[in-house]
Ligand code: Z5A
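Numbering (my numbering), first residue to last: 263 to 476.
Here it is as C-alpha cells:
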C-alpha cells in the first residue's frame, strides 16, 4: 500500500485558506484520490476541545505564550496519532488547514518564542511526519485582516496587533525560502478566481510530479 500524501494550507488571517481548501479538494476528487480534510488546531473531538481553549477570547486571565505553544502541540499530538498518521498509513491523502509551520510563524515569529524549542516539540510530537506539499497563501497583513474582519467576530489570537501579523507573515515567507522543495508561495492578494487558478495549477503540477496523471 502506497502511503498517502500530506498537503497543508498556510497563511495569515484572511489569506483564503478555508476557501482554497475547496480548490485543492476538487483537484484530488477529479484525480480519483481518496483524501480527508481536516484542520489545526483541531481535527479530532479532543483536539477541537483544546482549540476552544486556545481561541476563546480571554476573560480576566491572559494566556501565557508557553501555554499557547504547549496547547497547540497537545492538540497536534492527538490529531497526528488519531487521524493523520492512520490515514496516511492506509493510503489516504490528508488535506489540512494549518500544521506546525503555523506554530513556527505564530508562536515563533509572532510571539517570539524560542524556535529551537518549537523544533524540539515538533520532533517529539510528530517525528518525520511533515507535509509533502505546503501551499502558503501570501497576502499583506492589512489586506488579510480586512477580509477576516468582514467575516466573523475576532477570536483571541485575531485580537493581536498589526505588528504581530506582520511578523507572522515575514516568518512564513522565511520558511518558504528555507524549504523551497516543500513550499509553494501563492499570491493571495488578487480576486478569488485568480487565486483559485494559481492553486489549481500548483496542485495539478504536484499530482503530475507524484505520477498521479500517468
Ligand atoms: N494558530 C497558531 O497560532 N498556531 C498554530 O500552530 C496553529 C494555529 C495550527 C486558528 O486558525 C488560529 O490559530 C489562527 C492561527 C492560530 N489565528 N488566528 N487568529 P484558523 O486557520 O482556524 O483561523 P484563521 O487563520 O483565523 O483563518 P481564517 O480567518 O478563517 O482565514 P482563511 O481561512 O485564510 O480565510 P477564508 O475564511 O478562506 O477567507 C476569509 C474571507 O475572505 C472570506 O470571507 C472569504 O470569502 C474572503 N476571501 C477569500 N479569498 C479571497 C480573495 N482572493 N479575495 C477576496 N476575498 C477573499
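C-beta: ideal position from N, C-alpha, C; glycine also.
Since we're looking at a predicted model, the values are computed, not measured.
| What do you reckon, are the CB atoms on residue 304 and residue 337 nearer than 8 Å? | For this step, residue 304 is matched to residue 42 along the chain shown. For this step, residue 337 is matched to residue 75 along the chain shown. With contacts defined by Cβ atoms closer than 8 Å, residue 304 and residue 337 form a contacting pair.
Q. Would a C-beta distance cut-off of 8 Å place residue 365 and residue 380 closer than the cut-off?
A. Residue mapping note: residue 365 aligns to position 103 of the chain shown, counting from 1. Residue mapping note: residue 380 aligns to position 118 of the chain shown, counting from 1. It is a contact, given that the beta carbons lie within the stated cut-off.
Compare the C-alpha of residue 313 against each of 288, 295, 292, 339 and name the closest. Working through the chain shown from its first residue, we reach residue 313 at position 51. Considering only alpha carbons, the answer is 339.
- Other residues of its chain near residue 351: CB distance less than 7 Å, five sequence neighbours each side excluded: Residue 351 sits at position 89 when you count from the first residue of the chain shown. Counting only Cβ-Cβ distances below 7 Å, and skipping sequence neighbours, we find 265.
Opposing strand residues paired with residue 272 [DSSP bridges]: On the chain shown, residue 272 is found 10 positions in, with the first residue counted as 1. DSSP output for residue 272 lists 398 as bridge partner(s).
- Query: Exposed or buried, which one is residue 476 when buried takes at least 16 other CB atoms within 10 Å?
  - Reply: Your numbering for residue 476 matches position 214 in the chain shown. Legend: pLDDT at residue 476 = 49, less than 50; position of this residue unreliable, no value from coordinates given.
Which class does residue 391 belong to by DSSP, given the choice of helix, strand or coil? Start at 1 with the first residue of the chain shown, and residue 391 comes out as number 129. Note: residue 391 maps to coil in three-state DSSP.
Answer with buried or exposed for residue 495, where buried requires no fewer than 16 other C-beta atoms within 10 angstroms of its C-beta. This structure leaves residue 495 out entirely; the chain is present only between 263 and 476.
request  = Jot down the residue ranges of each uninterrupted alpha helix (DSSP H) in the segment 278-306, minimum 4 residues, whole runs only, in chain order.
outcome  = Those alpha helix (DSSP H) runs which fall completely within the segment 278-306 and span 4+ residues are 279-292.
**Prompt:** Taking all protein chains shown into account, do 16 or more other C-beta atoms lie within 10 angstroms of the C-beta of residue 370, making it buried, or fewer, making it exposed?
**Reply:** On the chain shown, residue 370 is found 108 positions in, with the first residue counted as 1. If you draw a 10 Å sphere on the C-beta of residue 370, you find 16 or more other C-beta atoms in it, and that means buried.
With 16 other Cβ atoms within 10 Å as the buried cut-off, status of residue 302: Residue 302 sits at position 40 when you count from the first residue of the chain shown. So residue 302 counts as buried.
Check: Where does residue 476 sit, in a helix, a strand or coil, going by DSSP?
Finding: As a first step, residue 476 must be located in the chain shown, where it is residue number 214. Residue confidence for residue 476 is low, a pLDDT of 49 falling below 50, so the modelled location carries little weight and cannot support an answer.
Residue 449 lies in the beta strand (DSSP E); which residues open and close that run? For the purposes of this step, residue 449 is taken as the residue at position 187 of the chain shown. Looking at the DSSP string, the run of the beta strand (DSSP E) that includes residue 449 is 445-449.
* **Rounded C-alpha distance that separates residue 435 from residue 385** => The residue given as residue 435 occupies position 173 in the chain shown. The residue given as residue 385 occupies position 123 in the chain shown. Distance between the alpha carbons of residue 435 and residue 385 is about 22 Å.
request  = Mark residue 279 as exposed unless 16 or more other C-beta atoms lie within 10 angstroms of its C-beta, in which case mark it buried.
outcome  = Counting from 1 along the chain shown, the entry for residue 279 is found at position 17. By the neighbour-count rule (16 or more Cβ atoms within 10 Å), residue 279 is buried.
Looking only at its own chain, which residues have a Cβ that is under 7 Å from the Cβ of residue 333, when we skip the five neighbours before and after it? The residue you call residue 333 lines up with position 71 of the chain shown. For residue 333, where only same-chain residues beyond five positions count, the Cβ hits under 7 Å are 312, 315, 316.
Cβ-heavy atom distance between residue 398 and the ligand Z5A below 7 Å? Within the chain shown, numbered from 1, the residue matching residue 398 stands at position 136. With a threshold of 7 Å, the Cβ atom of residue 398 does not count as near the ligand Z5A, since no heavy atom of the ligand is closer than that.
- request: Note down, one range per segment and in chain order, each beta strand (DSSP E) of at least 3 residues found wholly within the segment 336-373.
  value: Listed in chain order, the complete beta strand (DSSP E) runs (minimum 3 residues) inside the segment 336-373 are 355-359.
On a Cα-Cα basis, can you pick out the residue from 410, 457, 373 that is closest to residue 398? For this step, residue 398 is matched to residue 136 along the chain shown. Minimum Cα distance to residue 398 is reached at 457.
Can you tell me the Cα-Cα spacing of residue 414 and residue 392, whole angstroms?
As a first step, residue 414 is located in the chain shown; it is residue number 152 there, counting from the start. As a first step, residue 392 is located in the chain shown; it is residue number 130 there, counting from the start. Spanning the alpha carbons of residue 414 and residue 392 requires a straight line of approximately 31 Å.
Would you mind reading off the limits of the alpha helix (DSSP H) that contains residue 425?
-> Taking the first residue of the chain shown as 1, we reach residue 425 at position 163. In this chain, the alpha helix (DSSP H) harbouring residue 425 covers 424-440.
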